[in-house]
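Just so you know, the protein sequences line up as chains G and R, in that order.
In terms of UniProt numbering, the first sequence is residues 1 to 323.
In terms of UniProt numbering, the second sequence is residues 1 to 325.
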Amino acid sequence: MTAPLLEVEGLRTHFLTRAGVAKAVDGVSFVLQPGEILGLVGESGSGKSVTGFSLIGLVDPPGRIVGGSIRFAGQELVGLPAEQMRALRGRRIAMVFQDPQATLNPVLTIGTQMALALQAHDRVSDRAAAERAATMLTRVGIPDAAARLGNYPHEFSGGMRQRVAIAMALLNGPELIIADEPTTALDVSIQAQILHEMKALAAESGTALIWISHDLATVSALAHRVLVMYAGRIVESGPVGAVLRAPLHPYTRGLLDSLPAMTEPGRRLRQIPGTAPSLLALPPGCPFAPRCPRADAACTAPPPRVDHAERRALCHHPLEAAA
Amino acid sequence: MLGYVIQRLLQAALVMLAMSALVFAGVYAIGNPIDVLISPDATQDIRAEAIRRYGLDLPLWQQYLAFLGRLLRGDFGQSFVFGMPVLDLILSRLPATLELALAAVLIGTLLGVPLGIHAGYRPDSALSRAIMAVSVLGFSVPTFWVGLILILTFAVNLDWLPAGDRGPTLEVFGVGWSFLTLEGLSFLLLPALNLSLFKLAMMIRLSRAGTREAMLTDTVKFARAAGLSDLTILRRHVLRLISIPIVTVFGLELGSTLAFAVVTETIFSWPGVGKLIIDSITSLDRPVMVAYLVLVAFLFVTINLVVDLSYALLDPRLRRGGAAA
Chain G
1 MTAPLLEVEG LRTHFLTRAG VAKAVDGVSF VLQPGEILGL VGESGSGKSV TGFSLIGLVD
61 PPGRIVGGSI RFAGQELVGL PAEQMRALRG RRIAMVFQDP QATLNPVLTI GTQMALALQA
121 HDRVSDRAAA ERAATMLTRV GIPDAAARLG NYPHEFSGGM RQRVAIAMAL LNGPELIIAD
181 EPTTALDVSI QAQILHEMKA LAAESGTALI WISHDLATVS ALAHRVLVMY AGRIVESGPV
241 GAVLRAPLHP YTRGLLDSLP AMTEPGRRLR QIPGTAPSLL ALPPGCPFAP RCPRADAACT
301 APPPRVDHAE RRALCHHPLE AAA
Chain R
1 MLGYVIQRLL QAALVMLAMS ALVFAGVYAI GNPIDVLISP DATQDIRAEA IRRYGLDLPL
61 WQQYLAFLGR LLRGDFGQSF VFGMPVLDLI LSRLPATLEL ALAAVLIGTL LGVPLGIHAG
121 YRPDSALSRA IMAVSVLGFS VPTFWVGLIL ILTFAVNLDW LPAGDRGPTL EVFGVGWSFL
181 TLEGLSFLLL PALNLSLFKL AMMIRLSRAG TREAMLTDTV KFARAAGLSD LTILRRHVLR
241 LISIPIVTVF GLELGSTLAF AVVTETIFSW PGVGKLIIDS ITSLDRPVMV AYLVLVAFLF
301 VTINLVVDLS YALLDPRLRR GGAAA
């Protein structure tokens, strides 16, 4: 077994607000191998995006990493000086965001924006930067790339814009790309294309991918392993096939059942009752207990870790795993 | 784009026409210049002769049409007081005001925008708090008082800079300019600083608000995720994102400073158009007043046109008739 690319151990990112401490990420641990695709799934506010931003060192105040460790290729990232972290961003760990309309600067040509991303890390002449940018745009499937470097973001369609953003992320050949719901803002037909191409590009360049999404369907099509987050914690993790076939945690079961494809046509869509708890006032013990069909008195105590082959869950009453 | 320019030029021409009518009617409603022009003990004949000579016996609309006709030929008439063509009179004073206003707005912008960006980038730092204090002062302290304090400090007590007047000028294109010589600059500095304080305060506020907003956008976050340094992000991304309101205010301030730098020009005895217009109002020198106001309207219309056209340069989404995808 090769050395892992990323080892996250007990990561805790809290937001110190006037109303109290919001524990957005509270004790997250996982390991990522080089070239692996990891799906990070959860509802809004489960802490999945904050986890992503913690990895790349871009948690906005009042948020702060208050504990834990992030080891990237053997290097500790928590507490790394700002300039070293900056040098790492974009070059070795890149990120793609949800809405390409908002991420690309509307008043700069994409050629300029890509050149800035290159020149942030290397002394690259404008001409060489344009060549590298055009090559990368061609790789992500933008036709006539060299001519389009002079275009502004609004001259591209939504799907093309996201390809530009992906090309920018790939530009410096990173070892890890964190993709924060990059297909959510796109048409369904474009989603499938982007998904397919991301998978191909990651495989081709050996880049590891953390795919953050609320959508189990996209994750199942893409990822090798999946982490399910709830209220700042990973409640279940394991190989994507096994987890989706027979989840251990009732929350994962609930997420799966609420997928429209799992419901017979004509029936009401199923949903998980209640809403995600406020991070400022988490219930004691298992945070999912108030919404959980299997909850009982035991659930007011912190849930134990359940190991089942390669899979793990945090639950007092795990579902039976199919053999 | 060309259609847009033509449309804007036509609009500008209409504004100028409306403005000239308003100014003409407004100025002719106040006072009778004949009382000022001829001595009170002149005979009735001399009086009637003067009224005829200046065309004041005609109905207002005929006077206006005659005025408009002369205007289109570039003839603004003769000053009642100075007895010389109004255009020559104003043009002899305009460069002084032009360089003063331009210097003031440039100082305000070139200092105010970087300071404002810093204040927006690090809103809680001690430097940012100091910058904001300066901007509050700039808004609230009256110009004439600051002018007097500047003279008292730098001219009277320290004796570093002249207290007023324009000093020597260098002739270029037949017009005298102060900013081309070191000595001329020493005369320009204090009044320009005085005028720039308000603009500085305004630019600080504007850039700070824009920067604070821009720093929270996904555009900046994405640029950071690409590893750009904060300095590069501020210079290349944020500055471009906040440039439209800055250019707008730059244009408005330049226009209003050109037209109404009266207080500072008076305090520093700066021989610009502001003083000219005040003098011509007190002596009811109608042709000067009318020509001045028409010229001010022309300057505003021109500056606004340039500002509008520069939007298209700054924001590519506005280039194709405003249709953004």
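Virtual Cβ for every residue (Gly too), placed ideally from N, Cα, C.
From a predicted model like this one, the values you see are computed outputs, not experimental measurements.
Check your understanding: Which residues, taken in chain order from the stretch 285–312 of chain R, show a beta carbon closer than 9 Å to some beta carbon of chain G?
Key -> none
Exercise for review: Verify whether the separation of the beta carbon atoms of N194 of chain R and A104 of chain R is less than 9 Å.
Suggested key: Residue mapping note: residue 194 of chain R aligns to position 194 of the second sequence, counting from 1. Residue mapping note: residue 104 of chain R aligns to position 104 of the second sequence, counting from 1. With respect to the 9 Å criterion, N194 of chain R and A104 of chain R are classified as neighbours on the basis of their beta carbons.
Practice item. Flag R236 of chain R as yes if its beta-carbon sits less than 9 Å from any beta-carbon of chain G, otherwise no. Key: Your numbering for residue 236 of chain R matches position 236 in the second sequence. Yes, contact with chain G.
Check your understanding: Between V247 of chain R and L150 of chain R, which are expected to be in contact by the criterion C-beta below 8 Å, what is the C-beta distance as a whole number of angstroms?
Key -> Counted from its first residue, the second sequence places residue 247 of chain R at position 247. Counted from its first residue, the second sequence places residue 150 of chain R at position 150. Contact doesn't hold; Cβ gap of about 28 Å is too wide.
Point to revise | Inter-residue Cα distance where the pair is M215 of chain R and R86 of chain G | key: For the purposes of this step, residue 215 of chain R is identified with residue 215 of the second sequence, where counting begins at 1. For the purposes of this step, residue 86 of chain G is identified with residue 86 of the first sequence, where counting begins at 1. About 17 Å.
Practice item. Return no unless some Cβ of chain G is closer than 9 Å to the Cβ of G251 of chain R. Key: Here the question's residue 251 of chain R lines up with position 251 in the second sequence. Interface with chain G (9 Å Cβ-Cβ cutoff): G251 of chain R is excluded.
Point to revise | 9 Å Cβ cut-off: residues of chain G touching S207 of chain R | key: To locate residue 207 of chain R, count along the second sequence from 1; it is residue 207. Going along chain G, no residue has its Cβ under 9 Å from S207 of chain R, so there is no contact; the nearest lies around 16 Å.
Check your understanding: At a Cβ threshold of 9 Å, is H121 of chain G touching chain R?
Key -> Stepping through the first sequence from its first residue, residue 121 of chain G is reached at position 121. Answer yes: the Cβ-Cβ gap between H121 of chain G and chain R drops below 9 Å somewhere.
**Study point:** A176 of chain G - DSSP class collapsed to helix/strand/coil
**Key:** Taking the first sequence and counting its residues from 1, the one referred to as residue 176 of chain G is at position 176. Here residue 176 of chain G turns out to be Leu, not Ala, going by the sequence shown. Under the three-state reduction of DSSP, L176 of chain G is assigned to strand.
Point to revise | Residues near A146 of chain G in its chain [Cβ-Cβ closer than 7 Å; skip 5 each side] | key: Indexing the first sequence from 1 puts residue 146 of chain G at position 146. Cβ neighbours of A146 of chain G beyond the five flanking positions: A134.
Point to revise | Whole-angstrom distance between G120 of chain R and A209 of chain R, CA atom to CA atom | key: Residue mapping note: residue 209 of chain R aligns to position 209 of the second sequence, counting from 1. Residue mapping note: residue 120 of chain R aligns to position 120 of the second sequence, counting from 1. Those two C-alpha atoms are separated by around 6 Å.
Check your understanding: Would L280 of chain G pass as a contact of A73 of chain G if the rule is Cβ separation under 9 Å?
Key -> Along the first sequence, one-based indexing puts residue 280 of chain G at 280. Along the first sequence, one-based indexing puts residue 73 of chain G at 73. Their beta carbons are not under 9 Å apart, which means L280 of chain G does not touch A73 of chain G by this criterion.
**Study point:** Inter-residue Cα distance where the pair is G57 of chain G and L77 of chain G
**Key:** In the first sequence, the residue the question calls residue 57 of chain G occupies position 57. In the first sequence, the residue the question calls residue 77 of chain G occupies position 77. One C-alpha to the other measures close to 8 Å.
Practice item. Name, going along the chain, the residues of the stretch 113–145 of chain G whose beta-carbon falls closer than 7 Å to a beta-carbon of chain R. Key: L116, A117, A120 and H121
Check your understanding: Using CA coordinates, which residue listed in R:A29, R:P40, R:P191 and R:T153 is at the minimum distance from W61 of chain R?
Key -> By 1-based counting over the second sequence, the position of residue 61 of chain R is 61. Minimum Cα distance to W61 of chain R is reached at R:A29.
Review point. What residues from the stretch 112–125 of chain R come within 9 Å of chain G, judged by C-beta to C-beta, listed N to C?
Key: none
Check your understanding: If you draw a straight line from the alpha carbon of Y292 of chain R to that of G251 of chain R, how long is it in whole angstroms?
Key -> Along the second sequence, one-based indexing puts residue 292 of chain R at 292. Along the second sequence, one-based indexing puts residue 251 of chain R at 251. Using only the alpha carbons, I get a separation of about 19 Å.
**Study point:** Q98 of chain G (DSSP reduced to helix, strand or coil)
**Key:** The count along the first sequence starts at 1 and reaches residue 98 of chain G at position 98. The answer is coil: DSSP assigns Q98 of chain G none of H, G, I, E or B.
Point to revise | Simplified DSSP state of W211 of chain G, which is helix, strand or coil | key: Taking the first sequence and counting its residues from 1, one reaches residue 211 of chain G at position 211. Strand.
Point to revise | Spatially closest choice to R319 of chain R from G:Q119, G:T13 and G:Y152, by CA coordinates | key: As a working mapping, residue 319 of chain R is identified with position 319 in the second sequence. Nearest of G:Q119, G:T13 and G:Y152 to R319 of chain R, Cα basis: G:Y152.
**Study point:** chain R contacts from the stretch 53–67 of chain G (Cβ-Cβ distance under 7 Å)
**Key:** So the close ones are I56 and L58.
Check your understanding: If the cut is a Cβ gap below 7 Å, which residues of chain R does D187 of chain G touch?
Key -> Here residue 187 of chain G corresponds to residue number 187 of the first sequence, with the count starting at 1. Result: empty, since nearest Cβ-Cβ is about 15 Å, beyond 7 Å.
Review point. Run through DSSP, which three-state label would W145 of chain R get?
Key: One-based indexing of the second sequence puts residue 145 of chain R at position 145. W145 of chain R: helix per DSSP, three-state reduction.
Exercise for review: Closer than 8 Å by C-beta to R47 of chain R: which residues in its own chain qualify, once you throw out the five before and the five after it? Chain order, please.
Suggested key: The residue labelled residue 47 of chain R in the question sits at position 47 within the second sequence. Excluding sequence positions up to five before and after R47 of chain R, its CB lies within less than 8 Å of the CB of I34 and I38, all in the same chain and listed in chain order.
Review point. So which of G:A129, G:Q191 and G:S69 has the shortest CA-CA distance to R163 of chain G?
Key: The residue given as residue 163 of chain G occupies position 163 in the first sequence. Among G:A129, G:Q191 and G:S69, the Cα nearest to that of R163 of chain G belongs to G:Q191.
Review point. Helix, strand or coil: which one does DSSP assign to L180 of chain R?
Key: Here residue 180 of chain R refers to the residue found at position 180 of the second sequence. Note: L180 of chain R maps to coil in three-state DSSP.
**Study point:** Proximity test, Cβ basis, 9 Å: R89 of chain G and chain R
**Key:** One-based indexing of the first sequence puts residue 89 of chain G at position 89. Yes, its Cβ sits closer than 9 Å to a Cβ of chain R.
Point to revise | Touching by the beta-carbon criterion (3+ pairs, under 8 Å), the stretch 97–107 of chain G and the stretch 177–187 of chain G | key: Touching, yes, given that three or more Cβ pairs across the two stretches are closer than 8 Å.
Check your understanding: Taking the alpha-carbon positions, what's the A18 of chain R to P245 of chain R distance?
Key -> Along the second sequence, one-based indexing puts residue 18 of chain R at 18. Along the second sequence, one-based indexing puts residue 245 of chain R at 245. Those two C-alpha atoms are separated by around 27 Å.
Check your understanding: If we cut at 9 Å on Cβ distances, does P287 of chain G have a partner in chain R?
Key -> Looking up residue 287 of chain G in the first sequence gives position 287. No, P287 of chain G does not count as interfacial toward chain R.
**Study point:** Counted within 10 angstroms of its Cβ, other Cβ atoms place V249 of chain R as buried (16 or more) or exposed
**Key:** In the second sequence, counting from the first residue as 1, residue 249 of chain R sits at position 249. That one is buried.
Review point. What are the complete alpha helix (DSSP H) segments, minimum 4 residues, inside the stretch 52–111 of chain R?
Key: 60–72
Review point. When the distance is taken between beta carbons, is C286 of chain G closer than 9 Å to H316 of chain G?
Key: As a position in the first sequence, residue 316 of chain G is number 316, starting the count at 1. As a position in the first sequence, residue 286 of chain G is number 286, starting the count at 1. Yes. Within cutoff.
Practice item. Work out the CA separation of M203 of chain R and I93 of chain R for me, nearest whole Å. Key: Start at 1 with the first residue of the second sequence, and residue 93 of chain R comes out as number 93. Start at 1 with the first residue of the second sequence, and residue 203 of chain R comes out as number 203. Looking at the sequence itself, residue 93 of chain R is Arg, so the reference to Ile does not match. So the two alpha carbons sit approximately 28 Å from each other.
Check your understanding: S128 of chain R CB to nearest chain G CB: under 9 Å?
Key -> As a position in the second sequence, residue 128 of chain R is number 128, starting the count at 1. Judged by the 9 Å Cβ criterion, S128 of chain R is not in contact with chain G.
Review point. If we ignore side chains and look at the alpha-carbon of each, how far apart do V294 of chain R and S20 of chain R end up?
Key: Numbered from 1 along the second sequence, position 294 holds the residue referred to as residue 294 of chain R. Numbered from 1 along the second sequence, position 20 holds the residue referred to as residue 20 of chain R. Near 6 Å, if we compare the C-alpha coordinates of S20 of chain R and V294 of chain R.
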